[in-house]
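Chemist: The sequence shown maps to residues 1260 to 1529 in the working numbering. My questions all concern the structure below.
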Amino acid sequence: MSAAEVKKVTTNTLQIMKAAGQKISMLTAYDFSFARLFDTAGIDVLLVGDSASNVMAGHETTVPITLEQMIYHAQCVVRGIDRCLVVVDLPFGTYQSNPDVALASAIRVMKETGGHSIKLEGGEEVVDSIRRIVKAGIPVMGHLGLTPQSIYKFGTYAVRAKEEDEAEKLKKDALLLQQAGCFAIVLEKIPAALAKAVSESLEIPTIGIGAGKYCDGQVLVMHDMLGINNDFNPRFLRKYANLHDQITGAVQQYVKDVQSNDFPNEQEQY
Ligand code: KIV
1260 MSAAEVKKVT TNTLQIMKAA GQKISMLTAY DFSFARLFDT AGIDVLLVGD
1310 SASNVMAGHE TTVPITLEQM IYHAQCVVRG IDRCLVVVDL PFGTYQSNPD
1360 VALASAIRVM KETGGHSIKL EGGEEVVDSI RRIVKAGIPV MGHLGLTPQS
1410 IYKFGTYAVR AKEEDEAEKL KKDALLLQQA GCFAIVLEKI PAALAKAVSE
1460 SLEIPTIGIG AGKYCDGQVL VMHDMLGINN DFNPRFLRKY ANLHDQITGA
1510 VQQYVKDVQS NDFPNEQEQY
């Protein structure tokens, strides 16, 4: 099938999938090669997550990554896809101050990357910015529950909204985000029962990470689900590969082969 014939995933597709009870698959991607693999493998949505700050740049949190760096990763991902919907995270500090700043950041992402939508974290506090961005014609995905850009406020990556007051605020925030025009909401690390109640109360899809099976879709960080990091093992994570061991083994073998002069052999030279 040629690129022109591929049926592209849009925000509308996700709405239709929710209505039909069809689950949505989403993964992070940060570069051309993995984006191409994931797109070909049939993923619906690729998130150029600000988790790039952790897994690509080696920072401890998502706070340091810049808009320029997110734009670079998003440009690489967009070049690799034919079918997926691409969502790009607005990084910390590029939307929290006011709606004008938020809109300017979102416009840069859309104009400079070719991505299809942006994601930002928070509830009531960012609703004015969401309205402003949506009004400019840019699709917005929300993100509630554990919001890693606020790690210094929370102080921990533990499960959020276990207490009644925080759960109530999350439910209200989810409705506010829907009213403001979000096309979907990520629910991160909250109890499954709460995620179920939120998902049932909304017309737009929820995409869970550590939020249980009742969300309308699921997202994982690619390095986690492919087992590239072997020291990150939260309960919610299912590892679909053990690339840490496979890559380590392959590189160890290559080192041995070079040292022993086994590589390259007669057939591997000109
Ligand atoms: O940046 C990211 O990878 C995310 C996911 C955890 C949802 O926001």
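A virtual CB, placed ideally from N, CA and C, is assigned to each residue, including glycine.
#1: What residue does the beta strand (DSSP E) around residue 1446 start on, and which one ends it?
#2: Would you be able to state if there are at least three C-beta pairs under 8 angstroms between the segment 1416 to 1424 and the segment 1474 to 1482?
#3: Measure the alpha-carbon distance for residue 1368 versus residue 1355 and round it to whole angstroms.
#4: Once the 5 residues before and after residue 1334 are set aside, which same chain residues still bring their CB inside 6 angstroms of it?
#5: Taking 7 angstroms as the cut-off, is the C-beta of residue 1306 nearer than that to any heavy atom in the ligand KIV?
#6: Counting only the same chain and skipping the five closest in sequence on each side, list residues whose C-beta sits under 6 angstroms from that of residue 1284.
#7: For the ligand KIV, I want to know if residue 1517 counts as a neighbour, meaning its beta carbon is within less than 7 angstroms of at least one of the ligand's heavy atoms.
#8: Express the C-alpha separation of residue 1505 and residue 1380 in angstroms, rounding to a whole number.
#9: Is it right to say residue 1436 is buried, meaning 16 or more other beta carbons lie within 10 angstroms of its own, or is it exposed?
#10: Are the Cβ atoms of residue 1265 and residue 1307 separated by less than 8 angstroms?
#11: Using C-beta distances below 8 angstroms, list every residue in its chain close to residue 1374, excluding the 5 sequence neighbours before and after it, in chain order.
#12: Go ahead and label residue 1482 buried or exposed: buried means 16 or more other beta carbons lie within 10 angstroms of its beta carbon, across all protein chains shown.
#13: Which partner residues does residue 1534 have in the DSSP bridge list?
#14: Should residue 1293 go down as buried or exposed, given a rule of 16 or more other Cβ atoms within 10 Å for buried?
#15: From residue 1520 to residue 1508, what distance separates their C-alpha atoms?
#16: Measure the CB-CB distance between residue 1326 and residue 1358 and report whether it falls below 8 angstroms.
#17: Is the beta carbon of residue 1264 within less than 7 angstroms of some heavy atom of the ligand KIV?
#18: Is the distance from the Cβ of residue 1408 to the Cβ of residue 1478 below 8 angstroms?
#19: Rounded to whole angstroms, what is the Cα-Cα separation between residue 1386 and residue 1412?
#20: Please report the distance separating the alpha-carbon of residue 1431 from that of residue 1275.
#21: Pick out whichever of 1443, 1501, 1450 has its Cα sitting closest to the Cα of residue 1282.
#22: So what's residue 1516 in DSSP terms, helix, strand or just coil?
Modeler: Considering the structure as presented:
#1: Position 187 of the sequence shown, counting from 1, holds the residue named residue 1446. Going by DSSP, residue 1446 is part of the beta strand (DSSP E) stretching over 1443 to 1447.
#2: With a cut-off of 8 angstroms, the segment 1416 to 1424 and the segment 1474 to 1482 do not count as touching, because too few Cβ pairs lie within range.
#3: Here residue 1368 refers to the residue found at position 109 when the sequence shown is read from its first residue. Here residue 1355 refers to the residue found at position 96 when the sequence shown is read from its first residue. Residue 1368 and residue 1355 have their C-alpha atoms roughly 16 angstroms apart.
#4: Residue numbering aside, residue 1334 sits at position 75 when the sequence shown is read from its first letter. So the qualifying residues of the chain are 1372.
#5: As a first step, residue 1306 is located in the sequence shown; it is residue number 47 there, counting from the start. Taken from the Cβ of residue 1306, at least one heavy atom of the ligand KIV lies inside 7 angstroms.
#6: Position 25 of the sequence shown, counting from 1, holds the residue named residue 1284. Taken in chain order, the residues that qualify are 1302, 1303.
#7: As a working mapping, residue 1517 is identified with position 258 in the sequence shown. The answer is no for residue 1517.
#8: For the purposes of this step, residue 1380 is identified with residue 121 of the sequence shown, where counting begins at 1. For the purposes of this step, residue 1505 is identified with residue 246 of the sequence shown, where counting begins at 1. In a straight line, the C-alpha of residue 1380 is about 35 angstroms away from that of residue 1505.
#9: Stepping through the sequence shown from its first residue, residue 1436 is reached at position 177. Looking at its Cβ environment, which holds 16 or more other Cβ atoms inside 10 Å, residue 1436 is buried.
#10: Along the sequence shown, one-based indexing puts residue 1265 at 6. Along the sequence shown, one-based indexing puts residue 1307 at 48. No, the pair does not count as a contact, with Cβ atoms beyond the cut-off.
#11: Stepping through the sequence shown from its first residue, residue 1374 is reached at position 115. Cβ within range, chain order: 1307, 1333, 1336, 1337, 1345, 1346, 1347, 1368.
#12: Here the question's residue 1482 lines up with position 223 in the sequence shown. Residue 1482 is buried by the Cβ-count criterion.
#13: One cannot answer for residue 1534 here, as it falls past the ends of the chain, which runs 1260 to 1529.
#14: Here residue 1293 refers to the residue found at position 34 when the sequence shown is read from its first residue. Answer is buried; the Cβ neighbour count reaches 16.
#15: Against the sequence shown, residue 1520 aligns to sequence position 261. Against the sequence shown, residue 1508 aligns to sequence position 249. Going from the Cα of residue 1520 to the Cα of residue 1508 covers about 18 angstroms.
#16: Taking the sequence shown and counting its residues from 1, one reaches residue 1326 at position 67. Taking the sequence shown and counting its residues from 1, one reaches residue 1358 at position 99. Not a contact, by the Cβ cut-off of 8 angstroms.
#17: As a position in the sequence shown, residue 1264 is number 5, starting the count at 1. Checking the Cβ of residue 1264 against the ligand KIV gives no.
#18: Locating residue 1408 in the sequence shown gives position 149, counting from the first residue. Locating residue 1478 in the sequence shown gives position 219, counting from the first residue. No, Cβ-Cβ distance for residue 1408 and residue 1478 is not below 8 angstroms.
#19: Position 127 of the sequence shown, counted from the start, is the residue given in the question as residue 1386. Position 153 of the sequence shown, counted from the start, is the residue given in the question as residue 1412. Whole-angstrom Cα-Cα distance: 19 angstroms.
#20: By one-based count along the sequence shown, residue 1431 stands at place 172. By one-based count along the sequence shown, residue 1275 stands at place 16. For the pair residue 1431 and residue 1275, the Cα-to-Cα distance works out to about 24 angstroms.
#21: Your numbering for residue 1282 matches position 23 in the sequence shown. Checking every option, the nearest Cα to that of residue 1282 belongs to 1443.
#22: Position 257 of the sequence shown, counting from 1, holds the residue named residue 1516. The DSSP-derived three-state label of residue 1516 is helix.
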